[in-house]
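A short write-up of the structure that comes next.
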Amino acid sequence: MDGEKIKRLEEKAREIRRHIIRMTGAAGSGHPGGSLSSADIVTALYFEVMRIDPKNPRWPDRDRFVLSKGHAAPVLYAALAERGFFPVEDLLTLRRLGSPLQGHPDMKKLPGVEMSTGSLGQGLACANGMALAARLDGRDYRVYVLLGDGEIQEGMVWEAAMAAAHYRLDNVTAFLDHNGLQIDGPVAKVMSVEPVAEKWRAFGWDVQVIDGHNMEEILQAVEKARAVRGKPQMIVAETVKGKGVSFMENMVEWHGVAPKPDEVERALAELA
Amino acid sequence: MRKIATRDAYGEALVELGRENPDVVVLDADLAKSTKTIEFAKHFPERFFDMGIAEQNMIGTAAGLAAAGKIPFCSTFAIFATGRAFEIIRNSVAYSRLNVKIAASHAGITVGEDGGSHQSVEDIALMRSLPNITVLVPADAVETRAAVRAAVQIQGPVYIRLGRPGVPVLHGDDFHFEPGRAVTMRGGNDATIIATGIMVATALEAAGLLEQEGIGVRVVNMHTIKPLDEEAVIAAARETGVIVTAEEHSVIGGLGGAVAEAVCARHPVPVYRVGVPDVFGESGKPGELLEKYGLTAAHLADKVREAVTKKVGR
Numbered sequence: 001m002d003g004e005k006i007k008r009l010e011e012k013a014r015e016i017r018r019h020i021i022r023m024t025g026a027a028g029s030g031h032p033g034g035s036l037s038s039a040d041i042v043t044a045l046y047f048e049v050m051r052i053d054p055k056n057p058r059w060p061d062r063d064r065f066v067l068s069k070g071h072a073a074p075v076l077y078a079a080l081a082e083r084g085f086f087p088v089e090d091l092l093t094l095r096r097l098g099s100p101l102q103g104h105p106d107m108k109k110l111p112g113v114e115m116s117t118g119s120l121g122q123g124l125a126c127a128n129g130m131a132l133a134a135r136l137d138g139r140d141y142r143v144y145v146l147l148g149d150g151e152i153q154e155g156m157v158w159e160a161a162m163a164a165a166h167y168r169l170d171n172v173t174a175f176l177d178h179n180g181l182q183i184d185g186p187v188a189k190v191m192s193v194e195p196v197a198e199k200w201r202a203f204g205w206d207v208q209v210i211d212g213h214n215m216e217e218i219l220q221a222v223e224k225a226r227a228v229r230g231k232p233q234m235i236v237a238e239t240v241k242g243k244g245v246s247f248m249e250n251m252v253e254w255h256g257v258a259p260k261p262d263e264v265e266r267a268l269a270e271l272a
Numbered sequence: 001m002r003k004i005a006t007r008d009a010y011g012e013a014l015v016e017l018g019r020e021n022p023d024v025v026v027l028d029a030d031l032a033k034s035t036k037t038i039e040f041a042k043h044f045p046e047r048f049f050d051m052g053i054a055e056q057n058m059i060g061t062a063a064g065l066a067a068a069g070k071i072p073f074c075s076t077f078a079i080f081a082t083g084r085a086f087e088i089i090r091n092s093v094a095y096s097r098l099n100v101k102i103a104a105s106h107a108g109i110t111v112g113e114d115g116g117s118h119q120s121v122e123d124i125a126l127m128r129s130l131p132n133i134t135v136l137v138p139a140d141a142v143e144t145r146a147a148v149r150a151a152v153q154i155q156g157p158v159y160i161r162l163g164r165p166g167v168p169v170l171h172g173d174d175f176h177f178e179p180g181r182a183v184t185m186r187g188g189n190d191a192t193i194i195a196t197g198i199m200v201a202t203a204l205e206a207a208g209l210l211e212q213e214g215i216g217v218r219v220v221n222m223h224t225i226k227p228l229d230e231e232a233v234i235a236a237a238r239e240t241g242v243i244v245t246a247e248e249h250s251v252i253g254g255l256g257g258a259v260a261e262a263v264c265a266r267h268p269v270p271v272y273r274v275g276v277p278d279v280f281g282e283s284g285k286p287g288e289l290l291e292k293y294g295l296t297a298a299h300l301a302d303k304v305r306e307a308v309t310k311k312v313g314r
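Top to bottom, those sequences are chains C and L.
Position one of the first sequence corresponds to residue 1 (full-length UniProt numbering), numbered consecutively onward.
Position one of the second sequence corresponds to residue 1 (full-length UniProt numbering), numbered consecutively onward.
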């Protein structure tokens, strides 16, 4: 694979991470941990994989991305801003009264947001609906969706998993941000979701397990997923919560707590 | 009088719409034969999706279809459509004002023998509490067809409440349906019954009984619970001095609640609510249940007689 491209994407992911730190720091609240863990996946999608046009956000043939784990809104906002959907300066209005950057994504307030999410477990069903619409309209766009590993404790996720396989939605590619932590502690302790790969496979999905911080692996997995016919695809991405900021990595405390000013400085220095 | 179930009219209306509008798609949750969406499925199999016994996923999928430009109609029994999937309706549909239509059948106690677990008497209250949703409760087959057509014209979520048993046909084919605009079914100045759904026919019957005693009752058909036709409500309060509401729904949070809220704020007069009292239902024949819970013309007439004596200033 093109080394220059990988380097460019890795640098972009670092910039996205810097935005996540700055935004949540400015907001004084938000979810840095799960935003950082999914930054490489989201960067790959928005800067290499997806067919989108920031100047025409409602273009009917665009690929769609549904952030089912909507509390990771900062990573989505950072990607959209960097991609040119709205000014980067606006990122600092996150969670402020009157801002289109709501605490969880709101499709009616911010261009580029494809589905309002945040209440966990709902995104995959919405992605399936978009994929069915693509089929009815004879359009070849694809729908990408990002789920959290704690999120798949919601029963509705499995209703949607079943339906995607039943309707053979091969235009749906899901990522599982498998960082192993949720608010109350390790996923394995709160309510184990293992074995995840086997579960999705048993539900009729094509499943790959990758290193979710290896840009090359992410891109290769997407390529392989696109070639799958007759099945939806799950890419289980092994990730680290808080990835890129040493004092946030694998710390459950950073699920939903914003960095204080000195912590912002330290984090940005690490991400420089 | 000719009787047709509103769900039958719904099934027919969907087929008509399917012919006219290629964006109309239909979803069901393993009840297509009961909800009558099976008619659409027969004509347009490629636009019909049975989602199995998974109501949350049905609504979420509809949200995605709507986000991609389709006009999905979702159907199942009212109890599951509004109860099981409530938070999905709230967050994936209403919050973003997505163009999802939920036409729920088997609402109210007239679902009958299935019993309290299946008798949805709180669906209007649930749907009415959500911003952006239009709540339609058609009174007969003609109104149902009109409501389904109107739902397609409305940009945004719509809840249509349908019933299981046949109900009298009240309207002629020239009936004009305007969402949010109540229909005065008959005039009268002594009291007003504001009724919705299958209780409109009952209200007309009650008004007929009272007419023989010289009590002139206005009957208002409130087919749209949200947005409520407040002007019709306030006119009734002002001109007749007392209101009795009638609905096959809990007395809490439905039509009666909506009318009382409007009257309290703008023109206080006594409002009496006839509906299912604050209890769960039970198994029985629809007629037996209507009798038990006081949803008959005789009971409604009694309530109006009582109400007239309590009119303000009399």
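Backbone N, C-alpha and C define an ideal beta-carbon position, used for all residues, glycine too.
message: Could you check whether Asp137 (chain C) and Val196 (chain C) sit closer than 8 Å to each other, using their CB atoms as the reference points?
response: Against the first sequence, residue 196 (chain C) aligns to sequence position 196. Against the first sequence, residue 137 (chain C) aligns to sequence position 137. For Val196 (chain C) and Asp137 (chain C), no; Cβs fall outside 8 Å.
- prompt: Bridge partners of Val217 (chain L), per DSSP?
  reply: Position 217 of the second sequence, counted from the first residue, corresponds to residue 217 (chain L). Paired residue(s): L:Ala191.
Rounded straight-line distance, which links the Cα of Gly11 (chain L) to that of Lys3 (chain L): For the purposes of this step, residue 3 (chain L) is taken as residue 3 along the second sequence, with counting starting at 1. For the purposes of this step, residue 11 (chain L) is taken as residue 11 along the second sequence, with counting starting at 1. Whole-angstrom Cα-Cα distance: 16 Å.
- request: Kindly indicate the opening and closing residues of the alpha helix (DSSP H) around Leu289 (chain L).
  value: Here residue 289 (chain L) corresponds to residue number 289 of the second sequence, with the count starting at 1. Counting along the chain, the alpha helix (DSSP H) containing Leu289 (chain L) begins and ends at Pro286 to Lys292.
task: With Ser250 (chain L) as the anchor, note down where its beta strand (DSSP E) starts and where it stops.
output: Along the second sequence, read from residue 1 onward, the residue named residue 250 (chain L) stands at position 250. Here the beta strand (DSSP E) through Ser250 (chain L) covers Ile243 to Ser250.
- prompt: Of all the options L:Val152, L:Ala81, L:Glu46 and L:Thr35, which has the alpha carbon lying nearest to the alpha carbon of Asn57 (chain L)?
  reply: Your numbering for residue 57 (chain L) matches position 57 in the second sequence. When only C-alpha atoms are compared, the closest one is L:Ala81.
message: If you measure between the beta carbons of Glu89 (chain C) and Glu15 (chain C), is that distance less than 8 Å?
response: Position 89 of the first sequence holds residue 89 (chain C). Position 15 of the first sequence holds residue 15 (chain C). Not in contact: Glu89 (chain C) and Glu15 (chain C) (Cβ atoms no closer than 8 Å).
- request: Measure the C-alpha to C-alpha separation of Ile235 (chain C) and Arg128 (chain L) and round it to an integer number of angstroms.
  value: Mapped onto the first sequence, residue 235 (chain C) falls at position 235. Mapped onto the second sequence, residue 128 (chain L) falls at position 128. Each residue's Cα considered, the two are about 40 Å apart.
message: Can you find the residues in the same chain that come closer than 6 Å, C-beta to C-beta, to Arg314 (chain L), ignoring five residues on each side of it along the sequence?
response: Numbered from 1 along the second sequence, position 314 holds the residue referred to as residue 314 (chain L). At Arg314 (chain L), the pLDDT of 48 sits below 50, so the modelled position is not reliable and the matter cannot be decided from this model.
- request: Can you grab the Cα-Cα spacing for the pair Glu20 (chain L) / Ala13 (chain L), in whole Å?
  value: Position 20 of the second sequence, counted from the first residue, corresponds to residue 20 (chain L). Position 13 of the second sequence, counted from the first residue, corresponds to residue 13 (chain L). Approximately 11 Å, taken between the alpha carbons.
query: Which residues in the same chain have their Cβ closer than 7 Å to the Cβ of Pro259 (chain C), if we skip the five residues on either side of it in sequence?
result: Counted from its first residue, the first sequence places residue 259 (chain C) at position 259. Excluding sequence neighbours, Pro259 (chain C) sits near Ile21, Thr24, Gly25, Pro32 and Ala267.
task: Take Arg97 (chain L) and list the residues in its own chain whose beta-carbon comes closer than 6 Å to its own, dropping the five residues that flank it on each side.
output: As a first step, residue 97 (chain L) is located in the second sequence; it is residue number 97 there, counting from the start. Result list for Arg97 (chain L): Asn132 and Gly156, in chain order.
- request: Enumerate, from N- to C-terminal direction, the unbroken beta strand (DSSP E) stretches of 3 or more residues contained entirely within the region 133-163 of chain L.
  value: 134-136 and 158-161
message: Can you tell me which residues form a DSSP beta bridge with Gly24 (chain C)?
response: If you number the first sequence from 1, residue 24 (chain C) lands on position 24. Reading the sequence as shown, one finds Thr at residue 24 (chain C) and not Gly. DSSP, once it has assigned bridges, lists no residue as partnering Thr24 (chain C).
message: Just to make sure I have the definition right: I need the residues of chain L whose C-beta is within less than 7 Å of the C-beta of Asn128 (chain C). Which are they?
response: Along the first sequence, read from residue 1 onward, the residue named residue 128 (chain C) stands at position 128. Near Asn128 (chain C) (Cβ distances below 7 Å), the residues of chain L are Thr61 and Gly64.
task: For Met191 (chain C), count neighbouring C-beta atoms within 10 Å of its own C-beta (all shown protein chains included) and say buried if the count is 16 or more, exposed if not.
output: Reading the first sequence from its first residue, position 191 is the one you call residue 191 (chain C). By the neighbour-count rule (16 or more Cβ atoms within 10 Å), Met191 (chain C) is not buried but exposed.
field: Arg305 (chain L) to Arg273 (chain L) span [Cα, whole Å]
entry: Here the question's residue 305 (chain L) lines up with position 305 in the second sequence. Here the question's residue 273 (chain L) lines up with position 273 in the second sequence. Approximately 13 Å between the Cα atoms of the pair.
query: Cβ of Glu129 (chain L) less than 8 Å from any chain C Cβ?
result: Your numbering for residue 129 (chain L) matches position 129 in the second sequence. This sequence places Ser at residue 129 (chain L); Glu is not what is there. It does not: the Cβ of Ser129 (chain L) has no partner Cβ on chain C nearer than 8 Å.
- prompt: On the three-pair Cβ rule with 8 Å, is the region 111-131 of chain L touching the region 64-75 of chain L?
  reply: no
query: Does any residue of chain L bring its CB to less than 8 Å from the CB of Met156 (chain C)?
result: Your numbering for residue 156 (chain C) matches position 156 in the first sequence. Yes, Met156 (chain C) lies at the interface with chain L (some Cβ there is under 8 Å from its Cβ).
- request: Check whether the Cβ atoms of Glu248 (chain L) and Ile109 (chain L) sit closer than 8 Å, and answer yes or no.
  value: Taking the first residue of the second sequence as position 1, residue 248 (chain L) is located at position 248. Taking the first residue of the second sequence as position 1, residue 109 (chain L) is located at position 109. Yes.
- prompt: Of the choices C:Leu146, C:Leu132 and C:Pro100, whose alpha-carbon is the least far from that of Asp140 (chain C)?
  reply: By one-based count along the first sequence, residue 140 (chain C) stands at place 140. For Asp140 (chain C), the nearest C-alpha among the options comes from C:Leu132.
message: Along the chain, where does the alpha helix (DSSP H) containing Asp211 (chain C) start, and where does it finish?
response: As a working mapping, residue 211 (chain C) is identified with position 211 in the first sequence. Segment Asp206 to Asp211 is the beta strand (DSSP E) holding Asp211 (chain C); no alpha helix (DSSP H) there.
message: Determine, for Glu151 (chain C), whether the minimum Cβ-Cβ distance to residues of chain L falls below 8 Å.
response: Taking the first residue of the first sequence as 1, we reach residue 151 (chain C) at position 151. No, because no Cβ of chain L sits closer than 8 Å to the Cβ of Glu151 (chain C).
field: Per DSSP, the bridge partner or partners of Tyr144 (chain C)
entry: Numbered from 1 along the first sequence, position 144 holds the residue referred to as residue 144 (chain C). For Tyr144 (chain C), which the question treats as bridged, DSSP gives the partners C:Phe65 and C:Thr173.
field: Proximal chain C residues relative to Gln212 (chain L), where beta-carbon distance stays under 7 Å
entry: Looking up residue 212 (chain L) in the second sequence gives position 212. Within chain C, no residue comes near Gln212 (chain L); the closest Cβ sits about 55 Å away, beyond 7 Å.
Trp59 (chain C), buried or exposed, once every other Cβ within 10 Å from all chains shown has been counted against 16: Taking the first sequence and counting its residues from 1, one reaches residue 59 (chain C) at position 59. Per the 10 Å Cβ criterion, exposed.
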